[in-house]
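K.L.:
Everything in the sequence shown is counted per this note's numbering, starting at 21 for the first residue and increasing by one. Cβ coordinates follow ideal geometry from the N, Cα and C atoms, glycine included. My questions will all concern the structure given below.
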Amino acid sequence: TTLIITRDGVYISIPNQEIFSATITNFTRERVRRVTFELPIDIVNDVEVAEKAIVAALKSNEHLLTEPPPTAVLLRIEEYSMVLRARAYARSPDYWKALWTAQKQVKLALDKEHILWPVTRQAPIVRNEPATDANTAPQE
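What follows is the structure in structure tokens.
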């Protein structure tokens, strides 16, 4: 049996048979990890302004590395929003601090640039049809 204590203090006992036959993901083996998160913004925003604000915020984060340089790209366009992907690199021990502070800094940077968050839109439909019991609210 292999015994592991996780970073958050959880004690785990794993039978060796499971370890030898399973895929193991080691998030701390490499010195550097990529920090990635997605940001939906409203479709009416200027995507280039948003990308520049994200990159500037990532560059100013003390927990992120300057090389390779941070990036922000338009990942996909949805019905009411555009989804941007922010990427930067951090030292593995700094990963969580880097992620949390980067998300906060990016949010504040987007607010400063008046980038709107997406909202679902509903269009009112006006029908000109005769009132019947089927399309009229009951009267009390």
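#1: Across which residues does DSSP place Arg54 in a beta bridge pair?
#2: Which residue from Arg147, Leu95, Lys132, Tyr109 puts its Cα closest to that of Arg51?
#3: Answer with buried or exposed for Thr49, where buried requires no fewer than 16 other C-beta atoms within 10 angstroms of its C-beta.
#4: Please state if the CB of Ile63 and the CB of Ala129 are separated by a distance shorter than 8 angstroms.
#5: List in chain order: all unbroken alpha helix (DSSP H) runs of 4+ residues lying wholly within the stretch 28-109.
#6: Per DSSP, Leu23 forms a beta bridge with which residues?
P.N.:
If we stick to the structure as given:
#1: Tyr109.
#2: Residue Tyr109 is the option with its Cα nearest to Arg51.
#3: What sits at residue 49 in the sequence shown is Arg, not Thr. Classification for Arg49: exposed.
#4: With contacts defined as CB atoms closer than 8 angstroms, Ala129 and Ile63 fail to qualify as a contacting pair.
#5: Along the length of the stretch 28-109, whole alpha helix (DSSP H) runs at least 4 residues long occupy 36-41, 67-79, reported in chain order.
#6: For Leu23, which the question treats as bridged, DSSP gives the partners Ser33.
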